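Here the structure is laid out as structure tokens; the discussion comes afterwards.
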Amino acid sequence: MPRALILGLGGGFGSAVAGALHARGWELSALVRDASRLPPGLPAARLFAGDARRRDDLQRAAEGAEVLVHAANPAKYRWRGVALPMLENAAAVAESERLTVLFPGNVYVFDPADGPVFDESSPQRPITEKGRLRLAMEARLAQAAERGARVILLRMGDFIGRHAAGSWLQHLIRRVPRGIRLTLPGTSELPHTWAYLPDAAACAAALLEVRGELPAWCPLHYRGHRASFAEIATALHTASGLEVIPHPMAWWPLRLAAPFSPLMRGVIEMRYLWQREVNLDDGRLRSIVGDRCPRTPLDEVMREMLQGPVPAD
Numbered sequence: 057m058p059r060a061l062i063l064g065l066g067g068g069f070g071s072a073v074a075g076a077l078h079a080r081g082w083e084l085s086a087l088v089r090d091a092s093r094l095p096p097g098l099p100a101a102r103l104f105a106g107d108a109r110r111r112d113d114l115q116r117a118a119e120g121a122e123v124l125v126h127a128a129n130p131a132k133y134r135w136r137g138v139a140l141p142m143l144e145n146a147a148a149v150a151e152s153e154r155l156t157v158l159f160p161g162n163v164y165v166f167d168p169a170d171g172p173v174f175d176e177s178s179p180q181r182p183i184t185e186k187g188r189l190r191l192a193m194e195a196r197l198a199q200a201a202e203r204g205a206r207v208i209l210l211r212m213g214d215f216i217g218r219h220a221a222g223s224w225l226q227h228l229i230r231r232v233p234r235g236i237r238l239t240l241p242g243t244s245e246l247p248h249t250w251a252y253l254p255d256a257a258a259c260a261a262a263l264l265e266v267r268g269e270l271p272a273w274c275p276l277h278y279r280g281h282r283a284s285f286a287e288i289a290t291a292l293h294t295a296s297g298l299e300v301i302p303h304p305m306a307w308w309p310l311r312l313a314a315p316f317s318p319l320m321r322g323v324i325e326m327r328y329l330w331q332r333e334v335n336l337d338d339g340r341l342r343s344i345v346g347d348r349c350p351r352t353p354l355d356e357v358m359r360e361m362l363q364g365p366v367p368a369d
């Protein structure tokens, strides 16, 4: 029975992949700093106390594993000081233990001017500091694949779903007396790329089960849902029967807070993703996993989201 070590078990992608692997009979382990802070309902896993920023802790937890799911994501965009050192440790351990790394990529490495649709051969010309950091992280993983590790980089859009904690869409939906308010960070008709967590996790698990048949360095794109906010609004109405009230997002408070908040600076820096299309072509992915990579209809996705806690104004 294969075993996967999960970094970021308490997060949305980490817990979703853990659940998908557990359903397929995998053994799971996880490196956690504080087990008491893990959310309820996670699949059974052997927990190792430690910190992924300490290589010895990671090395100890990785013993006996075949796969390392790197789903840890530092809060508040602390990528340079936290994410890069953490990734370096994961890459080094994967090299020494000959592990397969599953890493969730994003669209930050692309310039929208080269789009609007991007596949695995598209140029990577990031236009933000965060995009350049992600490019450096991907380069380190590609290097690991030359040094004995195997790497599956699954590139996805913004996560959506009931358990996509902290995702954009969760912040944009509010219950109001008249129905549901949907805040629009951009125009209502611009397509945006979304990844429904259960579908993306099922796809990731399917890839891990054929990892030996893939190249050592294997970047793949996951199309997910390509949907505008107008389509999101329609799906919300279909799912709930409630009136959906579009509301333009006020960006000026974020700009005022940006000089004092790294998080707000990060949000402002990535605003272009609500102004330009960056869509993913997953033809290569589909040729590998076919119908093992599901695509849940958008109205069902919204219905599942609304079953979770939706803040009220």
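Count along the sequence shown from 1, add 56, and you get the number used in the numbering used here.
Backbone N, C-alpha and C define an ideal beta-carbon position, used for all residues, glycine too.
As the structure is a computational prediction, the values presented were derived from the model and not from experiment.
Within the same chain, show all residues whose beta-carbon is closer than 6 Å to that of residue i, passing over the 5 residues directly before and after it, in chain order.
i	result
Pro179	Asp170
Gly364	Arg218
Phe104	Leu87 and Ala117
Pro275	Glu176 and Leu209
Trp82	Pro58 and Ala60
Arg102	Ser85
Thr352	Tyr252 and Asp255
Looking only at C-alpha atoms, which of the options sits nearest to residue i?
i	options	result
Gly68	Arg154, Ala148, Phe104 and Tyr252	Tyr252
Gly161	Pro130, Arg211 and Gly97	Arg211
Asp214	Ser92, Arg311 and Tyr278	Tyr278
Leu240	Trp250, Ser152 and Trp224	Trp224
His293	Thr352, Ile236, Ala256 and Glu333	Ile236
Leu94	Gln199, Arg109 and Ala221	Ala221
Pro302	Leu228, Ala72, Arg109 and Cys349	Leu228
Leu298	Ala289, Met305, Gly322 and Ala306	Ala289
Leu238	Gly204, Arg111, Leu362 and Gly339	Leu362
Pro96	Leu270, Glu122, Gly66 and Val123	Gly66
Tell me whether residue i sits in a helix, a strand or coil according to DSSP, three-state version.
i	result
Phe316	helix
Leu98	coil
Val157	strand
Asp112	helix
Glu269	helix
His219	coil
Ile229	strand
Gly68	helix
Thr243	coil
Pro275	strand
Gly235	strand
Asp214	strand
Asn381	This structure cannot settle anything about residue 381, because the visible part of the chain is limited to 57 through 369.
Tyr164	coil
Arg348	helix
Trp307	coil
Leu209	strand
Leu362	helix
Ala105	strand
Pro302	strand
Ser152	helix
Please go through the same chain and pick out, in chain order, the residues whose beta-carbon is closer than 7 Å to the beta-carbon of residue i, but skip the five residues on each side of it.
i	result
Asp107	Arg89 and Asp113
Arg188	Pro182
Glu144	Arg196
Gly64	Gly70, Ala127, Ala128 and Asn129
Ile324	Leu310, Arg311 and Ala314
Pro247	Arg282, Ala283, Ser284, Glu333 and Asn335
Val300	Gly235, Ile236, Leu238, Ala289, Leu292 and His293
Give every residue of the same chain whose Cβ lies closer than 8 Å to the Cβ of residue i, excluding the five residues on either side of it in the sequence, and list them in chain order.
i	result
Ala368	Arg230, Arg231 and Val232
Ala100	His78 and Leu84
Glu202	Ala272 and Trp273
Glu265	Arg80
Ser244	Ser284, Phe285, Ala286, Ala289 and Pro302
Below 8 Å between beta carbons: does that hold for residue i and residue j?
i	j	result
His126	Leu98	no
Ala76	Ala261	yes
Arg359	Ala272	no
Ala286	Asp355	no
Val163	Thr249	yes
Ala147	Ala192	no
At a threshold of 7 Å, does residue i count as lining the ligand MG (C-beta to nearest heavy atom)?
i	result
His227	In the structure on display, the ligand MG does not appear, and there are no ligands present to speak of.
Evaluate residue i with the Cβ neighbour count: other Cβ atoms within 10 Å of its Cβ, from every protein chain shown; 16 or more gives buried, anything less gives exposed.
i	result
Arg190	buried
Val73	buried
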